[in-house]
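**Student:** Chains as they are written, first to last, in the working numbering: chain A, 82 to 199; chain H, 82 to 199; chain G, 82 to 199. Below is one structure. I have some questions about it.
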Ligand SMILES: Nc1ncnc2c1ncn2[C@@H]1O[C@H](COP(=O)(O)OP(=O)(O)OP(=O)(O)O)[C@@H](O)[C@H]1O
Ligand SMILES: Nc1ncnc2c1ncn2[C@@H]1O[C@H](COP(=O)(O)OP(=O)(O)OP(=O)(O)O)[C@@H](O)[C@H]1O
Ligand SMILES: Nc1ncnc2c1ncn2[C@@H]1O[C@H](COP(=O)(O)OP(=O)(O)OP(=O)(O)O)[C@@H](O)[C@H]1O
Ligand SMILES: [Mg+2]
Ligand SMILES: [Mg+2]
Ligand SMILES: [Mg+2]
């Protein structure tokens with residue numbers, strides 16, 4: 082099990098959520114964050130001055146089975162990208178255990194719904 | 082040291098906090114999150130249609146010593162459970178180091194108050 | 082790569098951000114959290130009764146290269162400290178991979194800007 086944290090433009094949230102659903106990733110949590118990046122000094126990129134300090138960001142936290150890491154990252158990278166400074170970041174870390182509170186299920190089983198997915 | 086992240090129903094917060102205190106877990110952080118789960122497709126469970134998209138969630142982040150992991154998880158699982166779709170999840174991951182800013186203490190020592198707990 | 086999570090007094094945010102910038106740490110995310118600490122029972126420290134339940138906290142999440150962990154922690158510990166009960170905590174954990182969405186860069190490269198830093 083892995084945790085995928087993505088910090089994306091708030092304006093890209095719906096596209097990312099759609100792309101994740103298409104990839105079969107149905108569960109995640111999200112909240113608003115603010116970011117300090119190349120925000121304090123304005124930054125010039127291809128002749129344009131960027132001040133990213135005011136970009137609103139959304140943090141997504143998605144716990145997935147190992148076999149779903151790659152497609153989750155690809156879905157986010159595809160849908161969150163504009164190509165302009167400030168598109169955000171994706172971070173991967175390990176998760177040692179997971180429980181579904183309602184049933185007490187744990188491990189991979191707690192991360193998908195039986196009958197709905199292989 | 083481990084991090085326990087729990088995503089619970091907002092309405093269950095007080096019960097969970099009480100149960101944690103009774104288990105001797107006195108420190109944690111929390112904030113509001115929203116979740117995408119079986120939210121996009123309504124889901125039928127025991128004849129009832131659930132749309133969990135509107136359930137407000139609270140994220141709890143609790144860093145505990147290894148010896149306290151089990152009782153923390155049990156306290157959350159007990160208090161956060163309604164038995165209906167959407168009760169939430171608990172995730173465990175590793176923490177490599179911890180510091181108490183006021184004193185500079187680190188390691189297990191930074192996670193409890195001397196004299197108050199063994 | 083490591084993740085440094087710091088829970089600090091909201092009133093200390095600007096000082097911490099400045100100290101991080103001086104240490105060369107230019108990227109991080111942050112959001113408001115609330116904390117349960119020695120908050121439920123008031124706590125007496127050097128003769129003063131502290132009720133930390135009402136202290137507003139900010140969570141900082143900073144992913145850095147291994148070589149920058151120490152200076153990041155030191156910057157936070159220095160700037161966030163008042164010496165009074167409730168200054169907060171710093172936690173370190175491992176990050177397995179990082180991606181910059183705009184460019185697809187990954188690994189250490191995704192964490193700094195070429196030409197700006199060694
Ligand atoms: N190392 C980091 N740790 C934590 N959060 C980060 C980190 N880097 C970026 N972020 C978060 O992501 C947001 C967007 O970052 P941003 O896309 O500007 O990254 P970048 O590396 O500067 O890429 P770009 O060159 O495309 O701007 C930041 O405002 C911050 O919230
Ligand atoms: N894999 C996951 N990664 C991140 N957050 C998740 C994940 N699964 C669930 N969550 C969060 O927990 C909330 C509640 O999930 P929920 O209880 O519906 O899980 P579930 O597995 O669908 O269990 P149930 O079958 O009881 O509904 C979601 O809205 C989301 O915020
Ligand atoms: N173990 C923990 N897990 C998660 N969050 C924590 C933990 N300990 C503290 N926090 C967060 O940090 C905030 C501040 O904690 P606080 O500074 O009171 O820690 P402390 O160990 O009690 O130190 P002090 O003795 O200086 O008060 C808490 O309100 C909570 O949000
Ligand atoms: Mg940037
Ligand atoms: Mg559900
Ligand atoms: Mg305290």
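Cβ coordinates follow ideal geometry from the N, Cα and C atoms, glycine included.
Relative to the alpha-carbon of residue 65 of chain A, which residue among A:183, A:162 and A:184 has its alpha-carbon at the smallest distance?
**Tutor:** This structure cannot settle anything about residue 65 of chain A, because the visible part of chain A is limited to 82 through 199.
**Student:** In whole angstroms, give me the CA-to-CA distance for residue 120 of chain G and residue 89 of chain H.
**Tutor:** Low local confidence applies: a pLDDT of 47 at residue 120 of chain G is under 50, so the model's placement there is unreliable, with the coordinate-based value given in what follows. Residue 120 of chain G and residue 89 of chain H: Cα-Cα distance of roughly 21 angstroms.
**Student:** Could you check the C-alpha separation between residue 178 of chain H and residue 192 of chain H for me, to the nearest Å?
**Tutor:** 11 angstroms
**Student:** Under 9 angstroms Cβ-Cβ, which residues of chain A neighbour residue 170 of chain H?
**Tutor:** 108, 110, 144, 179, 180, 181, 182, 191 and 192
**Student:** Can a CB atom of chain G be found closer than 8 angstroms to the CB of residue 121 of chain A?
**Tutor:** The pLDDT assigned to residue 121 of chain A is 47, lower than 50, so where the model puts this residue is not dependable, and the model offers no usable value.
**Student:** Using a C-beta to C-beta distance shorter than 8 angstroms, which residues of chain A count as neighbours of residue 188 of chain G?
**Tutor:** Simply none; closest approach about 11 angstroms.
**Student:** Can you list the residues of chain G that residue 175 of chain A reaches, using a CB-CB cut of under 8 angstroms?
**Tutor:** 175 and 177
**Student:** Taking 8 angstroms as the threshold (C-beta atoms), are residue 194 of chain G and residue 145 of chain G in contact?
**Tutor:** no
**Student:** Of all the residues that make up the region 83–102 of chain A, which are near chain H by a beta-carbon distance shorter than 9 angstroms?
**Tutor:** Within the region 83–102 of chain A, the residues whose Cβ lies closer than 9 angstroms to some Cβ of chain H are 84, 98, 101 and 102, listed in chain order.
**Student:** CB residue 169 of chain H to CB residue 87 of chain H, shorter than 8 angstroms?
**Tutor:** Between residue 169 of chain H and residue 87 of chain H, the C-beta spacing is below 8 angstroms.
**Student:** Taking C-beta to C-beta, are residue 115 of chain G and residue 138 of chain G nearer than 8 angstroms?
**Tutor:** For residue 115 of chain G and residue 138 of chain G, yes; Cβs fall inside 8 angstroms.
**Student:** Hey, would you say the C-beta of residue 169 of chain H is under 7 angstroms away from at least one heavy atom of ligand 2?
**Tutor:** For ligand 2, at least one heavy atom lies less than 7 angstroms from the Cβ of residue 169 of chain H.
**Student:** Can you list the residues of chain G that residue 116 of chain H reaches, using a CB-CB cut of under 8 angstroms?
**Tutor:** Here the premise fails: no neighbours, minimum Cβ distance about 16 angstroms.
**Student:** Under the rule that 16 or more other beta-carbon atoms within 10 Å means buried, what is residue 185 of chain H, buried or exposed?
**Tutor:** Its Cβ having fewer than 16 others within 10 Å, residue 185 of chain H is exposed.
**Student:** So residue 172 of chain G is in the beta strand (DSSP E); what residue range does that whole segment cover?
**Tutor:** 170–175
**Student:** Looking at chain G, is there any beta carbon in it that lies within less than 8 angstroms of the beta carbon of residue 185 of chain H?
**Tutor:** yes
**Student:** With 8 angstroms as the threshold, decide whether the Cβ of residue 195 of chain G is near any Cβ in chain A.
**Tutor:** no
**Student:** Counting only Cβ pairs nearer than 7 angstroms, list the residues of chain G close to residue 164 of chain A.
**Tutor:** 183
**Student:** Using a Cβ-Cβ cut-off of 6 angstroms (strictly less than) and excluding sequence neighbours within five positions of residue 85 of chain G, which residues of its own chain qualify?
**Tutor:** Excluding sequence neighbours, residue 85 of chain G sits near 143, 153 and 173.
**Student:** Using DSSP bridges, identify the partner residues of residue 116 of chain H.
**Tutor:** A:110
**Student:** Can a CB atom of chain G be found closer than 8 angstroms to the CB of residue 161 of chain A?
**Tutor:** yes
**Student:** Answer with buried or exposed for residue 151 of chain G, where buried requires no fewer than 16 other C-beta atoms within 10 angstroms of its C-beta.
**Tutor:** exposed
**Student:** Would you please verify whether the beta carbon of residue 113 of chain A is less than 8 angstroms from any beta carbon of chain G?
**Tutor:** The Cβ of residue 113 of chain A sits closer than 8 angstroms to at least one Cβ of chain G.
**Student:** What is the DSSP secondary structure of residue 181 of chain G, counted as helix, strand or coil?
**Tutor:** Strand, per DSSP.
**Student:** Check for me: the alpha helix (DSSP H) holding residue 151 of chain A runs from which residue to which?
**Tutor:** Where residue 151 of chain A is concerned, the enclosing alpha helix (DSSP H) stretches over 150–161.
**Student:** Measuring only the C-alpha atoms, how far is residue 167 of chain G from residue 140 of chain H?
**Tutor:** 21 angstroms
**Student:** By the DSSP assignment, the alpha helix (DSSP H) with residue 104 of chain G in it spans what residues?
**Tutor:** Residue 104 of chain G -> no alpha helix (DSSP H), and no H or E assigned at all.
**Student:** With a cut-off of 8 angstroms on the beta carbons, I'd call residue 180 of chain A and residue 171 of chain H a contact; round off their distance for me.
**Tutor:** 4 angstroms
**Student:** Here's a check: name, in chain order, each residue in its chain whose Cβ is nearer than 8 angstroms to the Cβ of residue 156 of chain H, leaving out the five neighbours to either side.
**Tutor:** Within its own chain, the residues whose Cβ lies closer than 8 angstroms to the Cβ of residue 156 of chain H, once the five positions on either side in sequence are excluded, are 97, 100, 101, 103, 104 and 106, listed in chain order.
**Student:** Would you mind giving the Cβ-Cβ distance between residue 147 of chain G and residue 91 of chain G, rounded to the nearest angstrom? I have them listed as a contact below 8 angstroms.
**Tutor:** Actually they do not touch by this definition, with Cβ atoms about 29 angstroms apart.
**Student:** Taking residue 138 of chain H as part of the beta strand (DSSP E), name the residues at either end of that continuous run.
**Tutor:** Counting along the chain, the beta strand (DSSP E) containing residue 138 of chain H begins and ends at 138–145.
**Student:** Do residue 183 of chain A and residue 164 of chain H count as a contact pair if the criterion is CB distance below 8 angstroms?
**Tutor:** Result yes, Cβ atoms of residue 164 of chain H and residue 183 of chain A sit closer than 8 angstroms.
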